[in-house]
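Everything on this sheet refers to the single structure shown next.
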Amino acid sequence: MAVKIKLKRLGKIRAPHYRIIVADSRTRRDGRAIEEIGLYHPVQNPSRIEVDSERVQYWLGVGAQPTEPVMAILKVTGDWQKFKGLPAPAPMKVAEPKADKSALFEALAKDAGDEPKGEAITPKAKKADKKADEAEAESTSESTES
2 MAVKIKLKRL
12 GKIRAPHYRI
22 IVADSRTRRD
32 GRAIEEIGLY
42 HPVQNPSRIE
52 VDSERVQYWL
62 GVGAQPTEPV
72 MAILKVTGDW
82 QKFKGLPAPA
92 PMKVAEPKAD
102 KSALFEALAK
112 DAGDEPKGEA
122 ITPKAKKADK
132 KADEAEAEST
142 SESTES
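Going by the working numbering, the sequence shown opens with residue 2, and the numbers climb by one from there.
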């Protein structure tokens, strides 16, 4: 039985993400897997790649053959070079950790504490006020004409 390390596609139509699996070469792409050994999310920037290096080394050691896309991922993570005894590649790009929202809110609240407490917008004119303004405008125009 030939064993392959391949990608199992998940996700929506234009938002794919993959699991790196070990499966029999005769199974279909999204079929039954022997073991899941990693994740690959190509849509994120930078791409999210998580691989269980220990399990990858085991499966490569017992003869599992990676497909071309998986081999490219393993070269990026350095697992293929470790298996072949080659020098390690440059480290992968990692997404910056997201800022804590509560800490960000506290910082903005402190900055806003020094600002004036006045209204941010002008109040809307009411219909009654508009009619009164129009009546005043007419009376002033009549008085200037006389």
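From the three backbone atoms N, C-alpha and C, an ideal C-beta is built for every residue, glycine too.
Going by the DSSP bridge assignment, what does residue i pair with across the sheet?
i, result
"D25", "V4"
"P67", "I6"
"G12", "P17"
Quick check: the Cα distance between residue i and residue j, rounded to an integer number of angstroms?
i, j, result
"A16", "G114", "42 Å"
"A96", "N46", "7 Å"
"A50", "L40", "Before going on, a small fix: residue 50 reads as Ile here, not Ala. Looking at the two C-alpha atoms, the distance is approximately 6 Å."
"I38", "M72", "14 Å"
"V52", "T78", "8 Å"
"P151", "K13", "Because the chain is modelled from 2 through 147, residue 151 falls outside the range shown and cannot be assessed."
So, for residue i: in the same chain, excluding its five sequence neighbours on each side, which residues have a beta-carbon less than 8 Å away from its beta-carbon?
i, result
"K76", "Q82, P90"
"K5", "V23, A24, D25, S26, A65, Q66, P67, T68"
Thinking C-alpha only, which one of the options is nearest residue i?
i, options, result
"L11", "I21, K5, A3, V4", "I21"
"E36", "H18, S48, E55, I14", "E55"
Ignore the nearest five residues each way along the sequence and tell me which others in residue i's own chain have a CB closer than 6 Å to its CB.
i, result
"A3", "S26"
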